[in-house]
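**Q** Chains as they are written, first to last, in my numbering: chain A, 428 to 644; chain B, 428 to 644; chain C, 21 to 250; chain D, 21 to 250.
All C-beta atoms, glycine included, are put in the ideal place defined by N, C-alpha and C.
Being a predicted model, the structure only gives us computed values, none of them experimental.
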Amino acid sequence: MTDTIQRLSKPDMARRAAADIPEGWYVNLGIGLPTMIADSIPDGREVILHSENGILGMGPLATAENVDPWMVNAGKQNVTLVKGAALFHHADSFAMIRGGHIDLCVLGAFEVAENGDIANWTTSQNDRVPAVGGAMDLAAGARNLWVMTTHTTKTGEPKLVERCTYPLTSSGVVNRIYTDLAVIEVTASGFEVIEMVDGLSRDELQSKTGAGLTFRA
Amino acid sequence: MTDTIQRLSKPDMARRAAADIPEGWYVNLGIGLPTMIADSIPDGREVILHSENGILGMGPLATAENVDPWMVNAGKQNVTLVKGAALFHHADSFAMIRGGHIDLCVLGAFEVAENGDIANWTTSQNDRVPAVGGAMDLAAGARNLWVMTTHTTKTGEPKLVERCTYPLTSSGVVNRIYTDLAVIEVTASGFEVIEMVDGLSRDELQSKTGAGLTFRA
Amino acid sequence: MINKQVASMQEAMAGIADGSSVLVGGFGAVGQPNILIEALAEHGARDLTIIANNAGFDPDIGLPVLMKRGLVRKIVCSFPRGSSVFDELYQAGRIELEVVPQGTLAERIRAAGAGIPAFFTPTSAGTQLARGKETREIDGRTYVLEHALPGDVALVEAWNADRWGNLTYRGSGRNFNAVMAMAAKCTIVQAQHIVELGAIEPDDVMTPSIFVDRVIHRPCGDPPIAAIAS
Amino acid sequence: MINKQVASMQEAMAGIADGSSVLVGGFGAVGQPNILIEALAEHGARDLTIIANNAGFDPDIGLPVLMKRGLVRKIVCSFPRGSSVFDELYQAGRIELEVVPQGTLAERIRAAGAGIPAFFTPTSAGTQLARGKETREIDGRTYVLEHALPGDVALVEAWNADRWGNLTYRGSGRNFNAVMAMAAKCTIVQAQHIVELGAIEPDDVMTPSIFVDRVIHRPCGDPPIAAIAS
């Protein structure tokens, strides 16, 4: 890795993904990194945020001044509501997800494969208690599934691979990946790079990726 | 048939059935004869009436003075609500029915068989458009299914039979039958008469019934 | 700014194609989207499959208007009685009918909206209406497999709507409307009132905006009084 | 006069037997029926199967209290993380775990309440969590057959309750509470407020009284603040 690569910060990744969300989309943001997208939606663009515990129309995190202890999101943070919000129960909430009504879900991932498979809920090496939450429902149900992740693991292993080695969350569902190095479409013929950070060569990106890349002209 | 039989009038049948409904039961009354039970619940006894189009806590039919044109029951009559009523949609309403939450449904019938089968939605001889409404859901879902019917057809044919000849609404579901002549339990061993009108002999009742009767001691 | 409100019936009906399946809300006279149904008749899409609880009543209101014009190939409903227009077409073999128990109809539509392609139900087991259907015994009881019933279009009547498409219904008008709104590719709402975003409290929303595509403001007043105590 | 309100926790817990399956509402700190859970621990029924989204958090609040006493044989949940009590029992092989995707959990419970014994869902198809389960291809997509998940008992936290058992929830507290209330033989509610019959408008009822068996008045105040913007 050369020093000239302008690796995106987490807020930059969030801004980059947020820029691509059209007005009017109903969006569920996974716990962790994807949650940062909420604060990066361009001003004046109406995007409606869904939380699987029964909220449509989530606003920013609550502050000490406006906190309602009875309002939490799926990450168990206290959130606000925007005008036009609606509250409902868990079965109705997952009807929205499973029924294909959520335009977009953005999730983190351990691995994404070139066939659109995603592994983001458990690692086989890991002896922690298995816990899935709403990840499988979201991955199977959202109309568009984007992944937001660092391009490689902390130890430099690629997270974009030919086939996932960790247990799958869902198969063939990822449309697009936002990493700290590139924006990549998952197409019928595999990973297609549509954007790279400044200073990064195609060869360098390929060397950090576990499957073949094509590049949009 | 002798002149001494005190055949019950329709309001009397309704009062007789109503007398047996315990306080606190959630009850769905089928269109037609069973609807009359609503006005016959003994004063002060709280019975909560369900209507499959999304009402729990129906009150009496509306009058010219209190009618709300936006409130109808399953028979498309304008009804009132009582204090404690709740409104909901059709899927939730039939969740209550199918899920076994309705304590009692009272339906009319063309035929009831000694094994608890009920036929009340279409007659094979009939060339009318087939129409089932909520009858099959109610018959399959209610915890208790009572039938309220004249003991015989207008032409004197028995409506209580060994096996239904008309297309079934549901099998093995009727618990009790209130006719203009008797109150009859449907038991594992068939029809058991628990009450008869004054002036009627066991033989006379048997002669008007298409299956064997036993009589509770 | 999101604004699902459309100004004209042409916009409301835009894109409804021949051969569409159309979910139509309402029960009795309450919650019938009659203005939308009549606009669909004007729009003229043919070969429609109508999914509704009834086949209409008055020959000049609602579904019978659509049927009289020969636009309906098939109707899926629980209680097709009381409609002389339907009766005549059906007896003449000019319209198909699928009779579905009312609760199964509601649940099949809800399943479509909830991403459930099929489910087992006790309703209709052992009856004529289960003929040809897969059955299964589960814990000693027989159940029938029923499939989701989605619509290309849903026509819905609501009381209040905001620009995002959050809805409330009045009285017993929630009925099939709130279920069908979930289950169509394009849900079109005829609303008595358009209210400001935020005027419907989050707890009071009966159909969240995510299920709604188009809203048209048609303050058409109360349904006729059906039957009252004599 | 119908009155589902009980005065004591003994009455609230009466009849809960060893081996019961218990649905426990709540998500995060909101809507957790902690007082009922602790009363169930006092009650002492053993060999319980707990069905809940989480396995609890703080060792001294809610489900961990029940687990510490050795009363829980098995937990069915979507996200059993963040509970040291559960972790220890699980690692020691002293509690069984069935992990269910959150939406499948909600839908299985709803199915139990709605009389649907089984349904097909796309969630978990092709994953570890579908192992050993029946699958079926419908219209070109693979679905997994899931079964209803009923409870002998449901423990629910509500905001308002009337003497019939009509309920409202506050904020995001509807979550699993409103679904679980439908799905148990005996639904027991801890209510912040008891209101007069009729005080909850028919349109505002979130859980209709038909689903509720017992209500106990326990005004326990707000949940702790979880996490706010820094």
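For a contact meaning CB atoms closer than 8 Å, what does GLY123/C contact in chain A?
**A** None at all; the shortest Cβ gap to chain A is about 17 Å.
**Q** Taking only beta-carbon positions, decide if ILE230/D is within less than 8 Å of chain A.
**A** No, ILE230/D does not count as interfacial toward chain A.
**Q** Can you pull the chain D residues whose beta carbon is under 8 Å from the beta carbon of GLY135/C, in chain order?
**A** Going along chain D in sequence order, the residues near GLY135/C (Cβ under 8 Å) are THR141 and PRO142.
**Q** Rounded to a whole number of angstroms, what is the C-alpha to C-alpha distance between LYS581/B and ASP107/C?
**A** So the two alpha carbons sit approximately 27 Å from each other.
**Q** Should THR497/B and SER192/C be called a contact, given that it needs their Cβ atoms to be closer than 8 Å?
**A** The question names Thr, but residue 497/B in the sequence shown is Trp. Yes; because the gap between Cβ atoms is below 8 Å, this pair is in contact.
**Q** Less than 8 Å between CB atoms is the rule here; does TRP497/B satisfy it with respect to chain C?
**A** Output row for TRP497/B: interface = yes.
**Q** Please list the terminal residues of the continuous alpha helix (DSSP H) segment that includes ASP564/B.
**A** Here the alpha helix (DSSP H) through ASP564/B covers 562-568.
**Q** Would you call ASP564/B buried or exposed, if buried means 16 or more other Cβ atoms sit within 10 Å of its Cβ?
**A** Buried, by the Cβ-count rule.
**Q** Verify whether the separation of the beta carbon atoms of ALA15/D and ARG525/B is less than 8 Å.
**A** With chain D covering 21 to 250 only, the question about residue 15/D has no answer from this structure.
**Q** For a quick check, are the C-beta atoms of ALA198/D and MET226/D less than 8 Å apart?
**A** In contact: ALA198/D and MET226/D (Cβ atoms closer than 8 Å).
**Q** Report the three-state DSSP secondary structure of SER597/A (helix, strand or coil).
**A** Strand at SER597/A.
**Q** Just to confirm, are ARG234/C and VAL42/C a CB contact at a threshold of 8 Å?
**A** Not a contact, by the Cβ cut-off of 8 Å.
**Q** Taking MET87/D and LEU109/D to be in contact with their CB atoms under 8 Å, please state how far apart those CB atoms are, rounded to whole angstroms.
**A** About 6 Å separates the two Cβ atoms, so the contact holds.
**Q** GLU31/D: buried (16+ other C-beta within 10 angstroms of its C-beta) or exposed?
**A** Flag for GLU31/D reads exposed.
**Q** Going by alpha carbons, who is nearest to ASN54/D out of ALA247/D, SER250/D and ILE236/D?
**A** Closest by alpha carbon: ILE236/D.
**Q** Mind the definition here: the region 213-227 of chain D touches the region 175-190 of chain D only if three or more C-beta pairs lie below 8 Å; say whether that holds.
**A** Short answer: they touch.
**Q** Between TRP179/C and chain A, is there a C-beta pair that is closer than 8 Å?
**A** Judged by the 8 Å Cβ criterion, TRP179/C is not in contact with chain A.
**Q** In chain order, which continuous runs of the beta strand (DSSP E) of length 3 or greater are located wholly inside the region 442-471 of chain A?
**A** 453-456, all fully within the region 442-471 of chain A.
**Q** In whole angstroms, what is the alpha-carbon distance linking THR614/B and GLY484/B?
**A** Rounded to the nearest angstrom, the two C-alpha atoms are 31 Å apart.
**Q** Suppose only complete runs of 3+ residues qualify. What are the beta strand (DSSP E) ranges in the region 108-157 of chain D, listed by chain order?
**A** For the region 108-157 of chain D, whole beta strand (DSSP E) runs of length 3 or above, ordered along the chain, are 116-119 and 138-141.
**Q** Skipping 5 residues on each side, what residues in its chain have a beta carbon closer than 6 Å to that of MET428/A?
**A** Since pLDDT at MET428/A reaches only 48, below the 50 mark, its modelled position is unreliable, and no value is offered.
**Q** Please confirm whether TYR605/B has its beta-carbon closer than 8 Å to some beta-carbon of chain D.
**A** Not an interface residue.
**Q** Have a look at GLU221/C and VAL556/B and give me their C-alpha separation to the nearest angstrom.
**A** Taking the straight line joining both Cα atoms gives about 44 Å.
**Q** Is any beta-carbon of chain A found at less than 8 Å from that of HIS213/D?
**A** With 8 Å as the cut-off, HIS213/D does not count as an interface residue toward chain A.
**Q** What does a CB cutoff of less than 6 Å around GLN633/A pick up in its chain, not counting 5 residues either side in sequence?
**A** So the list reads LEU640, once near-sequence residues are dropped.
**Q** Taking 8 Å as the limit between beta carbons, can you name the residues of its chain near ASP224/D, skipping five residues before and five after?
**A** Closer than 8 Å at the Cβ level, and outside the excluded window around ASP224/D, lie THR188.
**Q** Going by the DSSP bridge assignment, what does CYS97/C pair with across the sheet?
**A** Answer is VAL119/C, bridged to CYS97/C.
**Q** Listing by chain order, which chain D residues have their CB less than 7 Å from the CB of LEU515/B?
**A** Note on residue identity: the sequence assigns Phe, not Leu, to residue 515/B. In chain order: PRO228.
**Q** Less than 8 Å between the C-beta atoms of GLU513/A and ASN480/A, yes or no?
**A** Note on identity: in this sequence residue 513/A is Ala, with Glu being the wrong assignment. In this structure, ASN480/A does not lie closer than 8 Å to ALA513/A by Cβ.
**Q** So what does DSSP say about VAL494/A, is it helix, strand or coil?
**A** VAL494/A: coil per DSSP, three-state reduction.
**Q** Which residue or residues does DSSP assign as beta-bridge partners of ASN74/C?
**A** In the DSSP output, where bridge partners are listed per residue, ASN74/C has PHE99/C.
**Q** Find the residues of chain B that neighbour GLY35/D, judging by a C-beta separation of less than 9 Å, and give them in chain order.
**A** Those do not exist, as GLY35/D stays about 17 Å from chain B at its closest Cβ, beyond 9 Å.
**Q** For CYS206/C, which of ALA174/C, ALA138/C and ARG101/C has the nearest alpha-carbon?
**A** Selected option, being the one with the closest Cα: ALA174/C.
**Q** Is it true that the CB of LYS24/C sits closer than 8 Å to the CB of GLY218/C?
**A** In this structure, LYS24/C does not lie closer than 8 Å to GLY218/C by Cβ.
**Q** Taking the alpha helix (DSSP H) that LEU86/C belongs to, which residues open and close that run?
**A** Taken as a continuous stretch (DSSP letters only), the alpha helix (DSSP H) holding LEU86/C covers 83-88.
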